[in-house]
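Numbering (this note's numbering), first residue to last: 2 to 581.
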Amino acid sequence: MRLWLSSRSALIGLYLAAVVVLSAGVWVYGYVQALDQVAARGRSDLELAADRLVTQLQRYREFAVLMARHPMLEALHTGGDRALADAMLLGAADMTGTMTALYADPQGHVLASSNPAVPQDLAESPEFRRGLEGALGVALGLHDGQRTISFAAPNFGPDGKVCGVLVAVVDVAALEMDWRGTLPPVYFTDAGGRVFITNRSELLFWKRAGQGAMMAPDGARYGVTPQYLAGNEIWQQGWSPYVPERALYLTTPLPVIGMEGVALVDVAPARRLAILQAEVVAAVCLFMGALLFFATERRRTLSLANAVLEARVSARTRALSETNEALRREVLEREEAEEALRRAQADLVQAGKLSALGQMSAGISHELNQPLMAIRSYAENGVAFLQRERPEKAGEALGRISDMAQRMARIIRNLRAFARQESAPVTRLDLGAVLQTAVELTETRREQAGVELVWKRPAAPIWVRGGEVRLGQIFVNLITNAADAMEGAMQRRLEIEVVAGAPVLVTFRDTGPGIAEPERIFDPFYTTKAVGGGEGMGLGLSISYGLVQSFGGTISGTNAPDGGAVFTVELEVWDEEAVA
Ligand code: ADP
2 MRLWLSSRSA
12 LIGLYLAAVV
22 VLSAGVWVYG
32 YVQALDQVAA
42 RGRSDLELAA
52 DRLVTQLQRY
62 REFAVLMARH
72 PMLEALHTGG
82 DRALADAMLL
92 GAADMTGTMT
102 ALYADPQGHV
112 LASSNPAVPQ
122 DLAESPEFRR
132 GLEGALGVAL
142 GLHDGQRTIS
152 FAAPNFGPDG
162 KVCGVLVAVV
172 DVAALEMDWR
182 GTLPPVYFTD
192 AGGRVFITNR
202 SELLFWKRAG
212 QGAMMAPDGA
222 RYGVTPQYLA
232 GNEIWQQGWS
242 PYVPERALYL
252 TTPLPVIGME
262 GVALVDVAPA
272 RRLAILQAEV
282 VAAVCLFMGA
292 LLFFATERRR
302 TLSLANAVLE
312 ARVSARTRAL
322 SETNEALRRE
332 VLEREEAEEA
342 LRRAQADLVQ
352 AGKLSALGQM
362 SAGISHELNQ
372 PLMAIRSYAE
382 NGVAFLQRER
392 PEKAGEALGR
402 ISDMAQRMAR
412 IIRNLRAFAR
422 QESAPVTRLD
432 LGAVLQTAVE
442 LTETRREQAG
452 VELVWKRPAA
462 PIWVRGGEVR
472 LGQIFVNLIT
482 NAADAMEGAM
492 QRRLEIEVVA
502 GAPVLVTFRD
512 TGPGIAEPER
522 IFDPFYTTKA
532 VGGGEGMGLG
542 LSISYGLVQS
552 FGGTISGTNA
562 PDGGAVFTVE
572 LEVWDEEAVA
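What follows is the structure, encoded as structure tokens:
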């Protein structure tokens, strides 16, 4: 689990790292792309500014060229009026916005000027010298903090030589006026690298001091960190709030006026765009990652729950199959026990029957003896009647003998049936017939005890489920018990009653003293009779209980409210359809 957790955190970490790398890549790529656009725009801005400057200056250059040949100025060489020339120059300068216009002879002496206050000797000024050479001179100038650009144009005399030079001085501050503060910051440096013209006044006269700094005219150094990215140079500085902190450094040469134009184009928009792109990519990746994460988490949770469930199910199945096995064993043991019980019961039944037979033996011998004696006397009578030649009487005696023999045969048949070990299962029985046999079997016992029997065999058969011998044994036992119980009673009457229904009820009601301990009578070996005296073993009722149950019936014994015991046997009706 811990291993899995750590591998999961490692995966998440790896994914986040990948997202960071990808976003960084997107940032760099986006930045470079955006920089190119910014650079293109900045370059066109710079070109525009440079063009404007050059165009503005062009005017003054042309002014110088045109004015140099002015007749009033040429006249000065042949004694012309200076005052007139001065006035003309002043007017022309005012009209064109030129700060000062001068006309000098080849020695540098000013012959005419729009401003009498300016120096009257130009011999040393570089633009004048260029003019003298017959070319167009240009020079930057700085006088008392005032920046100027001077153009010098030669005037050729009739001999083709320079006879005079016109110098037009332009006020740079006036030029700058229009585009001060416009975007982006632009400056133009002179040949010495000094900022001479700019739309950011704070940068004026700053000079590049090596790679890493700019130096202000008061000597203060302002740091600049150049960075190079895909062919672009980016300056990072904190010079002024009006110069972008990070700016693309773009240059363009202005050979016409010997200057170099520089633009510092803000890269913040490019950075913002690149950051936005990187952020979008990171957000999309994180969102997808989160989706993926939650999906796998969900699947993992489900599979975990599944595994737990499966483990539980298999544990439960194991427990169930163990229980099942135990149950099967128990059933087997129970079946064996039942089998043993059945055998024991069969033995007991037999033992009970033998005991009953023992008890009945006196009665049986009496029962058989009586018809035997009668047969003997009827036989003797028959012989006597034959001797007296009275065959009809002899025939009568013989008929009686036959009756007696039949009676004996029935008794013996009943006894045989009683002693037989019944193996047949439950069958269909006529309850009346079984009761009748039991009544006949116990006749002698009843007579001995002087018991009056109230019993009427039902006219129609009542079919019940049972085993003939066993059911007979139950009834014999109940009748014998009643006779035993009523031995010393005043009134001795036994009522046997059959109530047809489902179940069929058979009640044995006697007028004896009643049951002493009704809850114990079905316990094996429970008896109130003298044991060993051939009287009781305490097995009769317990055997009967088991037998009735084996037929699906019940047996119960209670005391009647008006005295005497009542035994009830419930038997299932023989249902032909159910059996089929
Ligand atoms: P045994 O007859 O050998 O004693 P039984 O199981 O048949 O064994 O009877 C158990 C006991 O139930 C008897 O000893 C007797 O006390 C009581 N009992 C049975 N039938 C009656 C009855 N009709 N009236 C009173 N007591 C009875």
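C-beta: ideal position from N, C-alpha, C; glycine also.
Between Ile497 and Gly558, the CB-CB gap reaches or exceeds 7 angstroms. At least one heavy atom of the ligand ADP lies less than 6 angstroms from the C-beta of Asp511. Within the region 211-277, the complete beta strand (DSSP E) segments at least 3 residues long are 214-216, 222-230, 233-238, 247-255, 260-267, listed from N- to C-terminus.
Here the C-alpha atom of Val196 lies approximately 17 angstroms from the C-alpha atom of Val139. The C-alpha of Gly132 lies about 58 angstroms from the C-alpha of Gln278. Runs of beta strand (DSSP E) with 3 or more residues, each lying fully within the region 424-476, are found at 428-431, 453-455, 464-467, listed in chain order.
Selection Ala316, Thr190, Glu203, Ala248 evaluated against Pro256 yields Thr190 as nearest (Cα-Cα). In this structure, the C-beta of Lys530 approaches the ligand ADP to less than 6 angstroms from one of its heavy atoms.
The three-state secondary structure of Asn560, taken from DSSP, is strand.
The ligand ADP never approaches Asn560 closely enough for any of its heavy atoms to be under 6 angstroms from the residue's Cβ. For Pro127, no beta strand (DSSP E) encloses it; the enclosing alpha helix (DSSP H) starts and ends at 127-133. For Gly489, the shortest separation between its Cβ and any heavy atom of the ligand ADP does not lie below 6 angstroms. By the Cβ criterion, the region 207-220 is not in contact with the region 7-21, since fewer than three pairs of Cβ atoms, one from each stretch, lie closer than 8 angstroms. If you draw a straight line from the Cα of Ala154 to the Cα of Arg181, it is about 30 angstroms long. Following the DSSP letters along the chain, one finds Gly513 in no beta strand (DSSP E), marked with neither H nor E. With a 10 Å radius around the Cβ and a threshold of 16 neighbouring Cβ atoms, Asp511 comes out buried. Per DSSP, Asp122 lies in no beta strand (DSSP E) segment and is marked neither H nor E. Between Phe129 and Val168 the beta-carbon gap is near 6 angstroms, inside 8 angstroms, which marks them as a contact.
Under DSSP, Ala566 takes part in a beta bridge, and its partners are Asn560. Spanning the alpha carbons of Gln147 and Trp207 requires a straight line of approximately 15 angstroms. Here Gly383 has Ala395, Ala398, Leu399 as same chain residues with Cβ atoms under 6 angstroms from its own Cβ, once five neighbours each way along the sequence are excluded. Selection Ser356, Gly211, Thr428 evaluated against Phe526 yields Ser356 as nearest (Cα-Cα). Nearest in C-alpha terms to Ile13, of all of Met289, Arg201, Thr253, is Met289. Taking C-alpha positions only, His71 is separated from Asn116 by approximately 18 angstroms.
The beta-bridge partner set that DSSP reports for Gln147 consists of His144. Excluding its 5 nearest sequence neighbours in each direction, Ala380 has C-beta neighbours in its own chain below 8 angstroms: Ala398, Ile402, listed in chain order. Taking C-beta atoms as the reference points, Thr252 and Val266 fail to come closer than 7 angstroms. Proximity of the beta carbon of Asn325 to the ligand ADP is not indicated: no heavy atom of the ligand is located closer than 6 angstroms. Exclusion of the five residues before and after Ser545 leaves Ile475, Asn478, Ile556 as the residues of its chain whose Cβ lies within less than 7 angstroms of its Cβ. The beta-carbon distance between Val39 and Ala105, rounded to whole angstroms, is 48 angstroms. This is too long to meet the 8 angstroms contact definition. Contact annotation: Leu548 and Pro504 have beta-carbon atoms that are not nearer than 7 angstroms.
For Cys286, same chain residues with a beta-carbon under 7 angstroms away, outside a window of 5 residues either side, are Val20, Leu23 in chain order. CA-to-CA, the gap between Arg83 and Gln57 works out to about 29 angstroms. Of the candidates Ser114, His78, Pro107, Gln108, the residue whose Cα lies closest to the Cα of Ala93 is Ser114. Distance from the CA of Glu63 to the CA of Pro120, rounded to the nearest whole angstrom, comes to 23 angstroms. Boundaries of the alpha helix (DSSP H) harbouring Asp95: 83-97, taken from the DSSP string.
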